[in-house]
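Positions in the sequence shown are counted from 1; adding 1 to them yields the numbering used here. Note that CB positions come from ideal geometry on N, CA and C, so glycine has one too.
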Amino acid sequence: MSTETKPPANPRHWAGGIDQYLADNNITCTSATPIEAGTSCYIWRLDGFSHPDHPPGEPAVLKCADSTPKFSDDAVSPARLSTE
């Protein structure tokens, strides 16, 4: 049995990658850098972050929880998802 050593690039329920997610949510940035952390959450540093509802400022962090851990098909509990 082989074990994955590299997590998926983005949550499995996303139709596209991070660029598509940002475009779909009217978010622009100069770069979206993934931060390797967590077992079921995905985190990116957004340099040059811009969104109509937020004033420009320092780099932002985008954190997205997934209902499936990165390295298994087991469900993540709803209680944990509410805090991630």
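Nearest in C-alpha terms to proline 53, of all of Thr29, Ala10, Ile36, Gly17, is Thr29. Contact between proline 35 and tryptophan 45 is confirmed by a C-beta separation of about 5 Å, below the 8 Å threshold. Here DSSP, grouped into helix, strand and coil, assigns isoleucine 36 to strand. Listed as beta-bridge partners of tyrosine 43 by DSSP are Cys65. A residue is called buried when at least 16 other Cβ atoms come within 10 angstroms of its Cβ; alanine 38 does not meet this threshold and is exposed.
Taking the C-beta atoms as reference points, proline 12 is found no nearer than 8 Å to aspartate 48.
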